[in-house]
Amino acid sequence: MEKQVLFAGFGGQGVLAMGLFLSHAAMSSGKNVSWVPSYGAEMRGGTANCLVTIAEEEISSPLTENPLMAVIMNRPSLDKFEKRVKPNGLVMINSSMVDRTPDRTDIEVLAVPVNELAEEMGNPRGANMIMLGAYLEKTSVVQVEEALEYFPVIFKGKSERLIEANRKAFMAGVEYARTRM
């Protein structure tokens, strides 16, 4: 069965990086994957989103109008994409940047204050990794342990300090999901 997840937010929030990380982690665990990025011409501060499709079997089309899940990092993205999520789907929101809950009652909504958590850790740029960790813990689309093994690959060429900061942020999201959701 195919699972599609939409990651959406402002450029600069690491939305495309979350999708790319998930894509690579899923591939390394033997799944078929597609990653379709979309961003405005203005880049940082503009809109950004990507659609990741993960499946055991071959993927017939990398596009869908109605993903099963959405990871929403800001209010404009919730306003734009909330209606597209399939009934009985999942919407995870960054409650630090989204000041309302979804209007729909036919989806599961999980809120994570990722910006506050990142600030508490002293790693404000780690908000996307916190959200990705919480997402994987709640959905098991890719096992957390498999994703952790992939950090040196996805961050190849980066300093060990940066890799470790991202790993800690990721695990903070996993822990948040385990204990508070």
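Quick note, this note's numbering runs 155 ahead of the 1-based positions in the sequence shown.
Cβ atoms here follow ideal geometry from the backbone N, Cα and C, with glycine treated the same way.
Candidates the options, of which the one nearest residue i by Cα
i    : options                   : result
D261 : V267, L245 and A203       : L245
P367 : V191, L317 and G312       : Nothing about residue 367 can be reported from this structure: the residues present for the chain run from 156 to 336 only.
E211 : R230, N187 and R335       : N187
M228 : D258, N221 and C205       : C205
P192 : H179, G201, K293 and G174 : G174
I248 : M336, E319 and E157       : M336
N345 : S232, R239 and P231       : Within the shown structure, residues of the chain are numbered from 156 to 336, placing residue 345 beyond reach of any answer.
E304 : T256, E275 and H179       : H179
Q298 : A172, L177 and L171       : L177
P268 : V329, S183, T202 and E157 : V329
Segment limits, beta strand (DSSP E) that includes residue i
i    : result
M173 : From DSSP, M173 is part of no beta strand (DSSP E) but of the alpha helix (DSSP H) over V170 to S183.
E263 : E263 to V267
G288 : Element bounds for G288: not the beta strand (DSSP E) but the alpha helix (DSSP H), A282 to T294.
V226 : M224 to I227
Residues that DSSP places opposite residue i in a beta bridge
i    : result
P194 : Looking at the sequence shown, residue 194 is not Pro but Tyr. Beta-bridge pairing links Y194 to A203.
T334 : Note: T334 sits in no beta bridge, so no partner.
G244 : Its beta-bridge partners do not exist; DSSP assigns none.
S112 : Because the chain spans 156 through 336 in this model, residue 112 falls outside it and cannot be assessed.
V160 : V207 and M224
F325 : DSSP, once it has assigned bridges, lists no residue as partnering F325.
Beta-carbon proximity check, residue i vs residue j, cutoff 8 angstroms
i    : j    : result
A273 : A282 : yes
G195 : G166 : yes
F325 : M284 : yes
I209 : A163 : no
I295 : E271 : The amino acid occupying residue 295 in the given sequence is Ser; Ile does not appear at that position. No; because the gap between Cβ atoms is not below 8 angstroms, this pair is not in contact.
L233 : A203 : no
R230 : V253 : yes
Host alpha helix (DSSP H) of residue i (start-end)
i    : result
E310 : In the sequence as presented, Glu is not what sits at residue 310; that position holds Phe. No alpha helix (DSSP H) contains F310, which DSSP labels as neither H nor E.
V299 : V299 to E304
P231 : R230 to F236
Tell me, please, whether the segment 207–220 touches the segment 242–257 by the rule of three or more beta-carbon pairs shorter than 8 angstroms.
-> no
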